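Taken in sequence, the protein lines are chains C and Y.
Start counting the first sequence at 1; every next residue gets the next number (this note's numbering).
Start counting the second sequence at 1; every next residue gets the next number (this note's numbering).
The beta carbon of each residue, even a glycine, is placed where N, CA and C say it ideally should be.
Please read all numbers here as calculations on a predicted model, not as lab measurements.
Remarks on the structure that follows.
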Amino acid sequence: MLILMMIESMLTDLGCDSVTAAATVDKALALIETQVFDAAMLDVNLKGDNSRPVADALAARGIPFFFSTGNGGHHTMDGYENRAVLRKPFIFEDLAAIFASLC
Amino acid sequence: MVFLDAKQPGNPIIFANDSFLSLTGYSRKEVLGQNFNFLMAHGADAEAMARIKAEFETGSDRGAEILYRRKNGSEFWACLFVRPVRDENGDVVQYFASYVDLTKHKEELTQSRMLIDELNHRVKNTLATVQSIVWQALRMNSDPSVIRASIESRLIALSRSHDLLTRENWKSAGLHDLVQNALEPFGVAGGRADRIVIKGENIRFPPQAALALSIAFNELATNAMKYGSLSNEKGSILIEWKIENTPEGAQLILHWQENDGPPVTPPSRKGFGSGVIERGLAHELQGSAHIDYRRDGLFCTMNIPAPRGAFDE
């Protein structure tokens, strides 16, 4: 919860006009259906569920995105090995650099 | 254990004890005369064959770990120990081979690997949470002593909620327990225990939700200490909740009502605490939360889906 709020305020500092968050796969999919996103940051695990359906939905719409994770290992999602991964805890400049490369 | 004929190619089994039969699921008749390696799960596994060969040649103290297959198809890890049996001339005539079933050992290794991974995940999330606490404190304040106090009080709240969840083996935490746990530092320090009333069932929340709620109550209590009904001598707080059945399912309605504090004026800008509750908590628990700065006392409402299994205890 606090991590999300930090990311929100970091993104605001980076100049994002609108930041929307989803805590579950279902909510994320519903948001992707109804809103237009310039970029997305996707946790590989949403409330215990693998977030692959969300990655697929983002990819299908061509929305640039990257992953975030609390796992230190070489965790990647099959088919998305080339996407950037931001590991928690992370450095503000890294977040900024990844977003700059996406948008 | 089994005895093998050392003189025949493939070292056929010439004796098998009852433990071997119950381990593998075969009858004695099916086993006798079989090639020693007939039990191997992956017959052509060159690496395993090399380990077996080495065990036959040198007979190490540690044995060789081999994946075997039972008659019913299920696989099991066993540690193989081989010793030669010699005749009076010193020639190897038989081999004695014993198996130690490693199933339980392997399960424990898997279990401990999972625990380590889970622990790592939690530690990384906790570190990111700490990062967030520091980030917010630096963003909102410029006075170093205020920054320090802000970080410390939130770290202590985080630590206390970890203690509560650890007491519950990180399965869940009861709402009554977690509210009490979060408010304890505020009640005890000022002798205010009788000014804080908590009324509601001990509804169980999963760990992530329990952490979020604990942080939210810490923010509310901190605000009450600074500006609200815990900032004077006679103010009080009533925290109560109930479950209501709505068309969307069972909803938990929680009220935080401050009374008899100094007159309330809405803050000129939204602080971190109100953000935690109105956006953070609402997001985390997929509900809504609202803070009403009523003149006679701050009033906070949380409306969140009741956790599944809420009525179990």
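Please name the residue, chosen from Y/R113, Y/W77, Y/R83 and Y/V93, that lies closest to Y/V100 on a Cα-to-Cα basis.
Taking the second sequence and counting its residues from 1, the one referred to as residue 100 of chain Y is at position 100. It is Y/W77.
From Y/C79 to Y/S112, what does the alpha carbon distance come to, in whole angstroms?
As a first step, residue 79 of chain Y is located in the second sequence; it is residue number 79 there, counting from the start. As a first step, residue 112 of chain Y is located in the second sequence; it is residue number 112 there, counting from the start. Those two C-alpha atoms are separated by around 20 angstroms.
Compute the Euclidean distance between the alpha carbons of C/Y80 and Y/E168, then round it to the nearest angstrom.
As a working note, residue 80 of chain C is residue 80 in the first sequence. As a working note, residue 168 of chain Y is residue 168 in the second sequence. Each residue's Cα considered, the two are about 38 angstroms apart.
If you draw a straight line from the alpha carbon of Y/S132 to that of Y/H176, how long is it in whole angstroms?
For the purposes of this step, residue 132 of chain Y is taken as residue 132 along the second sequence, with counting starting at 1. For the purposes of this step, residue 176 of chain Y is taken as residue 176 along the second sequence, with counting starting at 1. So the alpha carbons of these two residues sit roughly 27 angstroms apart.
Pick from Y/K71, Y/F3, Y/K53 and Y/I291: whose alpha carbon is nearest that of Y/T315?
Here chain Y has residues from 1 to 313 only, and residue 315 of chain Y is not among them.
Going by DSSP, name the residue or residues bridged to C/L29.
Within the first sequence, residue 29 of chain C is the residue found at index 29, counting from 1. For C/L29, no pairing in a beta bridge is given by DSSP.
Roughly how many angstroms lie between the CA atoms of Y/E313 and C/A57, to the nearest whole one?
Position 313 of the second sequence holds residue 313 of chain Y. Position 57 of the first sequence holds residue 57 of chain C. Note on Y/E313: pLDDT 43, under 50, position unreliable in the model; no value is reported.
In chain order, what are the residue ranges of uninterrupted alpha helix (DSSP H) at least 4 long that sit wholly in the region 169-202 of chain Y?
As summarised for the region 169-202 of chain Y, the continuous alpha helix (DSSP H) elements at least 4 residues long and confined to that stretch are 175-189, given in chain order.
Please state whether DSSP places Y/H255 in a helix, a strand or coil.
Working through the second sequence from its first residue, we reach residue 255 of chain Y at position 255. DSSP, reduced to helix, strand and coil, places Y/H255 within a strand of the structure shown.
Put Y/S268 into one of helix, strand or coil per three-state DSSP.
Counting from one through the second sequence, the residue named residue 268 of chain Y turns up at place 268. Note: Y/S268 maps to coil in three-state DSSP.
Closest to C/V85 by CA distance: which of C/S68, C/A97 and C/E93 is it?
Translated into positions along the first sequence, residue 85 of chain C becomes position 85. Looking at the Cα atoms, C/S68 is the closest of the given residues.
Please check if any C-beta of chain C sits within less than 8 angstroms of the C-beta of Y/G287.
Residue 287 of chain Y sits at position 287 when you count from the first residue of the second sequence. Not an interface residue.
Kindly list the residues whose CB is nearer than 8 angstroms to the CB of Y/P305, restricted to its own chain and excluding five residues on each side of it in sequence; keep chain order.
Taking the first residue of the second sequence as 1, we reach residue 305 of chain Y at position 305. Taking Y/P305 as the centre and dropping the five residues before and after it, the same chain places the C-beta of E248, G249, A250, Q251, L252, L285, Q286 and G287 closer than 8 angstroms to its C-beta, in chain order.
In whole angstroms, what separates the C-alpha of Y/L281 from that of C/I3?
Looking up residue 281 of chain Y in the second sequence gives position 281. Looking up residue 3 of chain C in the first sequence gives position 3. If you draw a straight line from the Cα of Y/L281 to the Cα of C/I3, it comes to about 12 angstroms.
With H, G and I counted as helix, E and B as strand and the rest as coil, what does DSSP make of Y/R295?
Taking the first residue of the second sequence as position 1, residue 295 of chain Y is located at position 295. Taken through DSSP and simplified to helix, strand or coil, Y/R295 comes out as coil.
Under DSSP, the beta strand (DSSP E) around C/M41 begins and ends at which residues?
Walking along the first sequence from the start, residue 41 of chain C turns up at place 41. A40 to D43 is the span of the beta strand (DSSP E), which, as asked, contains C/M41.
Quick check on the burial criterion: 16 or more other C-beta atoms within 10 angstroms. Buried or exposed for C/T20?
Looking up residue 20 of chain C in the first sequence gives position 20. Its Cβ having fewer than 16 others within 10 Å, C/T20 is exposed.
Y/G235: which of Y/S161, Y/G297, Y/K199 and Y/L4 sits nearest, CA to CA?
Taking the second sequence and counting its residues from 1, one reaches residue 235 of chain Y at position 235. It is Y/G297 whose Cα lies nearest to the Cα of Y/G235.
Determine, using beta-carbon pairs with one atom in the region 6-24 of chain C and one in the region 43-54 of chain C, whether at least three such pairs fall under 8 angstroms.
Proximity of the region 6-24 of chain C to the region 43-54 of chain C meets the contact definition, three or more beta-carbon pairs being nearer than 8 angstroms.
Could you name the residues of the same chain whose beta carbon sits closer than 8 angstroms to that of Y/L178, not counting the 5 residues immediately before and after it, in chain order?
Counted from its first residue, the second sequence places residue 178 of chain Y at position 178. If we look at Y/L178 and ignore the five residues flanking it on each side, its Cβ neighbours are S161, L164, F205, A210, L213, S214 and F217.
Is the distance from the Cβ of Y/A93 to the Cβ of Y/V85 below 8 angstroms?
The residue you call residue 93 of chain Y lines up with position 93 of the second sequence. The residue you call residue 85 of chain Y lines up with position 85 of the second sequence. The residue you asked about is not Ala; residue 93 of chain Y is Val in the sequence shown. In this structure, Y/V93 lies near Y/V85, with their beta-carbon atoms less than 8 angstroms apart.
Taking the alpha helix (DSSP H) that C/R52 falls in, what are its first and last residues?
Walking along the first sequence from the start, residue 52 of chain C turns up at place 52. Per DSSP, C/R52 belongs to the alpha helix (DSSP H) from R52 to A60.
I'd like the span of the alpha helix (DSSP H) that includes Y/T222, first residue to last.
If you number the second sequence from 1, residue 222 of chain Y lands on position 222. Annotation: the continuous alpha helix (DSSP H) that includes Y/T222 extends over P207 to K226.
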